[in-house]
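There are 2 protein chains.
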Amino acid sequence: MSVKTSTKARARTGGDCCPSVLAAPLDERQAADLAQAFAALGDPVRLRLLSLIADAGEVCSCDLLEPLAKAQPTISHHTKVLAQAGLITGEKQGRWVWWRVVPERLATLRAALAD
Amino acid sequence: MSVKTSTKARARTGGDCCPSVLAAPLDERQAADLAQAFAALGDPVRLRLLSLIADAGEVCSCDLLEPLAKAQPTISHHTKVLAQAGLITGEKQGRWVWWRVVPERLATLRAALAD
DNA sequence: CGGATCTATCGACGGTTGTCAATCTGGGAG
DNA sequence: CTCCCAGATTGACAACCGTCGATAGATCCG
């Protein structure tokens, strides 16, 4: 199976770098990676969370509690999911954690939806 | 709060047409709509299913059973989820249902990940 | 009509997920 | 050192999700 997919897929998608859903059938590995990222976006609270971080540039978790109206462990859970999907990154400074979006990861997902 | 967000958001996103996660904080409605679509993409089997449909242009469900190695009700379930998210559309012809992708919906999601 | 085929629906089962109260950790502030 | 605060972790619970066997509906063929 590797022979069949490699030639076709590489020619159209450029290999494993940035697979596209539309260009050629995904193998299990690519599908699993992309699915994890899309699943992270598949929750309204996380989407708004990401949106708030993007809008502010840098946000500490404490600033997210009020606009999202969720308990602190819930916010912590969601930031963890987004971070594990590579969509945000957190830098600890003193007592606070400063969250920022990872534009490259978003670009990867955008590319996956394009041909 | 409606005053604050309406002016800002409309100016940067063009209203409810094609909201962007990065441009301005999403309201609950936009977040819920986008989250449903991204959640539909958040499963490896559905991603590969979408990929197969896109690659073939038009596919009947029976051609999806073998490459995905899933039972027929499972395939039917996944096509339903993708269709409800607006990502694919099915046209019944005789005994078969021909599935096609909806490029406009994918474009909406791509726009949501851009600024 | 009767049998065959494609698809959708139902019911059930196990696993995952979103949520929060309670608790733990670690880094300032006094 | 002690207290306080930001954040992570744990445990628990309900809700949801992916999967499949069984079944039902629809359509074609002989």
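Protein chains in written order, with the working numbering: chain A, 1 to 115; chain B, 1001 to 1115.
The beta-carbon is built from N, C-alpha and C at its ideal position, and this holds for glycine as well.
Within the region 51-83 of chain A, those residues whose Cβ lies closer than 8 Å to any Cβ of chain B are, in chain order, S51, L52, A54, D55 and P67. Residue state for V1081 of chain B is assigned as helix, using DSSP reduced to three classes.
The closest CA to that of G1094 of chain B, considering only B:C1060, B:I1075, B:E1028 and B:L1052, is found on B:C1060. Between the alpha carbons of L1065 of chain B and H1078 of chain B lies a gap of roughly 11 Å. Taken in chain order, the members of the region 1036-1050 of chain B whose beta-carbon sits within less than 7 Å of a beta-carbon on chain A are F1038, A1039, L1041, G1042, D1043, P1044, L1047, R1048 and L1050. Chain-ordered, the chain B residues with CB closer than 7 Å to the CB of R110 of chain A read R1110, L1113 and A1114.
Interface annotation for the region 1091-1102 of chain B against chain A: V1101, criterion Cβ-Cβ distance under 8 Å. The three-state reading of DSSP puts R1100 of chain B in strand, counting E and B together.
Per the C-alpha coordinates, the member of B:S1051, B:L1041 and B:A1039 positioned closest to L26 of chain A is B:S1051. Under the 8 Å criterion on CB atoms, E104 of chain A is classed as non-interfacial with respect to chain B.
CA-CA distance, R1048 of chain B to P1067 of chain B, rounds to 9 Å.
Counting only the Cα atoms, R1029 of chain B lies some 15 Å from L41 of chain A. 8 Å or more divides the Cβ of I1053 of chain B from the Cβ of R1105 of chain B. When B:D1055, B:D1115 and B:R1046 are compared, the shortest CA-CA separation from Q1084 of chain B is found for B:R1046. Taking C-beta atoms as the reference points, G86 of chain A and A37 of chain A count as a pair closer than 8 Å.
Collapsing the DSSP output to three states places V1045 of chain B in a helix. Between L109 of chain A and V21 of chain A, the C-beta spacing is not below 8 Å.
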